[in-house]
Structure formats: C-alpha cells, structure tokens
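Below is one structure, written out as structure tokens; comments come after it.
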Amino acid sequence: MQDPILLTGGTGFIGAHTATALASAKLPFVILDNLSNSSAKVLDRLARLNASPLAFVNADVRDAQALDAVFARFKFSGVIHFAGLKAVGESVAQPLRYFDNNVNGTLQLLQAMQRAGVKKIVFSSSATVYGDPASVPIREDAALSATNPYGRSKLLCEDMLRELARVDNSWKIALLRYFNPVGAHESGLLGESPHGVPNNLMPFMTQVAMGQREHLQIFGNDYDTPDGTGMRDYLHVMDLAQGHLAALQALDAPKLLTVNLGTGQGVSVKQMVDTFARVTGVPIAHRFVARRPGDIAQCWADPTLAQQLLGWKAQLGLDRMCADAWRWQSMNPQGFDTSL
Ligand code: NAD
Ligand code: UD1
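Each residue of the sequence shown is one higher than the last, beginning at 62 in our numbering.
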C-alpha cells in the first residue's frame, strides 16, 4: 500500500469530498480535524461511501504534540491542509482568532512536517487573495491584496509557504486558489452543512428552496455586470476535489505551484437563481436589497495554468452543481444535524 496522505480539516466540506476522490483513486489517507466546524457524522457517511480514513484524529493543528504523535504513527507521503476558519464577517469581529487558527495553525503544521521529514503540502488558498481584482478573468500573477482578516490570513500563509520554497529547495508546495466551491457528492450523503444562517449563496438558496427561509436577499442589482448582480466562478466541489489529486501528482519534485481552481466562467446571482429553479423545478423567492459591504462586482478565474501544470480542468457544469446541492439539502434538511 502507498504511504497515506494526511488531510487536516478532512471532515469539512471540501476535505470530505476530497476524501471520496482519494478513496476512488485507491489512495489511503488519515483525517485530523478538531470538529470546530464539522460533524463526526461525516465519518459514518464516508464509511458508507467506502471512503473511510485509515484513522480519524480529533485534534487541533495548533497542538504540536498531537501532530508529532500522528506523524510518528504514520509515514505520510504528503499533507493536504484544509483546516482553517473561513467566515469573512466572523474574521472581522475576531481577527486574532483567525490569525491564530489559520496562520499559527499552518506554522505549527509546517514545523511538525519538518520534524517528521514530510515536505509535501497542498494548501487551501482562496480567490480572496486577489482582493478586488483589477480585471477578470484573473491570472495567478495578478496583484494580491487582502480586504479582511480572513483574506489576510490566507495571504500570510501563502507568504510563509512562498518564502519557505524560496529558501529551502527540498519542499513540494502547491497553493490552490479556490474560487466558489458549491454542489455536493452525487450520492446526497455529503454536502455543505453550515451552522446558523449561511453566508454563501448556494446554501442560502437551498434553504429557501426547502422552505426553511422565506426568501433570498440578492445583494445588489446595480453592479456593472450584464444583469446588475454580482458575478462569481462557481465550481463543483467534486471537480475541486479532483484538483487536489492532480496537485499531489504534479508535486513529483521539489517546487512551488500556484494555481487557480475555477471554471473560468462568470455566473451572476440572477443566473444562478434561474438555473436552480429550472434544474430542480423549485423557484427561489428573492428580493433585491442593497449591496453587501465588502462584496466585489465580479471574480472569475483564468484556469489555463491549472490545465497546463496539473492537467486539471473543471468538468461539471452549473446544472450539476444545482442538482447535487439540491439532492443533498433535500435528503438532509438539517445538514449533518440529523441522520438519514
Ligand atoms: P469547512 O469549515 O467545512 O472545513 C474546514 C475544516 O477544518 C472543518 O472540519 C473544521 O472543523 C476544521 N478546522 C478548523 N480549524 C481547525 C484547527 N485549528 N485544527 C483542526 N481542524 C480545524 O471549510 P471548507 O469549505 O471545507 O474549506 C476548507 C479550506 O478551504 C479552508 O481552509 C478554507 O478557508 C478554504 N477555502 C474554502 C472556500 C469555500 O468557499 N468553501 C473557498 C476558498 C478557500
Ligand atoms: C465569500 C467570501 C470570500 C470566500 C467565498 C467562498 C465575502 C465578502 N467573501 O465570497 O472571501 O472566499 O465566500 O467561501 O463574504 N449573495 C447574495 N445573497 C446571499 C448570499 C450571497 O446575493 O444571501 C451574492 C453575493 O453578493 C455574491 C454571490 O452571491 O455576489 C456569491 O456570494 P458568496 O457565496 O457569499 O461568495 P463570495 O462573495 O464570492
């Protein structure tokens, strides 16, 4: 058997979907997660999908002892580092918590990896590192900036990893800048399960479709976009999961890879609402309200480099994203809070 991969944050939304992709590729893995934003029920679902980890470690990435213990127990071929906090508004209210969890967490992990001699890491970065982009589609060499503490925490981690790669040529590092992951596993057993009121468009929309929320507020219809609503690059979470496998494979020698993972297609909020209604047959009650502070008009990837360097290209379209998100929400009205 191949040496396993360590997934930090592996019971979260993107980590769990990536776990199924690893299992399908017969790649063994271990999950380390402190369950601060996920449920242990994910492990039952992974088992039902024949995608169980070799072990689940309930620990924090900032806990050096716990990290040393897991690195002593397994000989890892590499790490995919999903663990992090991701709510922009919360990061504005609690910036130091975000720096501690995301930046200190990444530093602790890198130090433990160094101690164990494991020097291959795939890092979950975000299109948020482009701030308010000067133009779209966005290439990886576009200017970087942060507009909130969450974005700053991702940039600081990227800086740390870039500098590490520059001064120590034994590391294999991939910085994956995700655009807007949505959708769910096609089984309906895994999906996004936000606590409280969802911040993001797709989970809010599926809750409106369920009748759990009265209507969707569309934040702004006066943007400089064809229909006035904000435009984003939504990608299916299973495509994103495949991007991690491709990155692991591309890290065959010490190097630093920095790539966008997106479809390259800008989709407006209005288009998303219309597509969801057409695909599922469930209309989304909505109202246009003022812009959300901090939002940008448009953000989508130039995904050329991902294809060149990783051989990766998104395969699943908007219809599949809506259909799979809806299946997940219909089968799990309360997310992981209730069982099937
Ligand atoms: P998620 O919250 O569903 O998953 C993150 C997981 O990390 C959770 O299971 C949480 O319990 C765990 N975690 C958090 N802090 C931890 C710590 N200190 N120690 C151990 N475990 C910890 O989020 P996700 O959507 O799956 O995102 C995964 C990664 O991708 C995050 O780093 C996020 O910032 C990044 N990202 C997400 C998006 C998105 O839209 N979902 C976009 C760009 C980047
Ligand atoms: C948000 C984060 C970003 C993070 C990304 C993925 C902010 C300001 N940015 O980006 O840092 O990387 O999530 O996790 O929070 N919308 C509505 N009504 C809603 C929700 C959203 O109209 O109830 C609109 C937004 O204005 C936007 C689009 O839908 O135009 C997508 O929003 P969202 O899903 O929150 O993602 P981002 O804003 O791209």
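Backbone N, C-alpha and C define an ideal beta-carbon position, used for all residues, glycine too. Because the structure is a prediction, the values reported are computed rather than measured.
Across the set Ser99, Gly355, Leu366, the C-alpha of Gly355 shows the shortest separation from the C-alpha of Asp193.
The beta carbons of Phe184 and Leu146 sit about 15 Å from each other, so the pair does not count as a contact at 8 Å. Ranked by Cα distance from Thr324, the options Met271, Leu171, Ile234, Tyr295 are led by Tyr295. Taking Ser138 as reference, the option from Arg388, Gln332, Leu309 with the minimal CA-CA separation is Leu309. For Pro344, there is no enclosing beta strand (DSSP E), as DSSP marks it with neither H nor E. Taken through DSSP and simplified to helix, strand or coil, Val190 comes out as helix. Taking 8 Å as the cut-off, the Cβ atoms of Trp361 and Ala307 do not count as close. Proximity of the region 335 to 346 to the region 162 to 169 falls short of the contact definition, fewer than three beta-carbon pairs being nearer than 8 Å. Put simply, of Gln390, Lys87, Asp105 the residue whose alpha carbon is nearest the alpha carbon of Ser254 is Gln390. Taking the Cα of Ile279 as reference, the smallest distance to any Cα among Thr81, Thr365, Gly76, Asn261 is reached at Asn261.
Pairing Leu157 with Ala125, the inter-Cα distance amounts to about 20 Å. The ligand NAD has no heavy atom closer than 7 Å to the beta-carbon of Phe135. Going by C-alpha positions, Arg381 is about 43 Å away from Arg176. Following the DSSP letters along the chain, one finds Pro242 inside the beta strand (DSSP E) bounded by residues 241 to 243. Distance from Ala235 to Leu171 at the Cβ level is roughly 14 Å; contact not present, criterion being Cβ atoms closer than 8 Å.
In the same chain as Ala130, and ignoring 5 residues on each side of it, no C-beta atom comes closer than 6 Å to its own.
Residue nearest to Leu301 within the set Asp288, Ala270, Val320 is Val320 (criterion: CA-CA distance). Exclusion of the five residues before and after Ala116 leaves Val91 as the residues of its chain whose Cβ lies within less than 7 Å of its Cβ. Nearest C-alpha to Ala133 among Ser99, Asp121, Ala112, Ala173: Ala173. Of Met62, Leu366, Ala384, the smallest CA-CA separation from Val343 is found for Ala384. For the pair Lys215 and Lys181, the CB atoms are not nearer than the 8 Å cut-off. Here the distance from the Cβ of Lys87 to the nearest heavy atom of the ligand NAD is not below 7 Å.
If you draw a 10 Å sphere on the C-beta of Ser231, you find fewer than 16 other C-beta atoms in it, and that means exposed. Note that the region 200 to 213 does not touch the region 281 to 297; fewer than 3 beta-carbon pairs, one per stretch, sit closer than 8 Å. DSSP lists His347 as the bridge partner or partners of Leu277.
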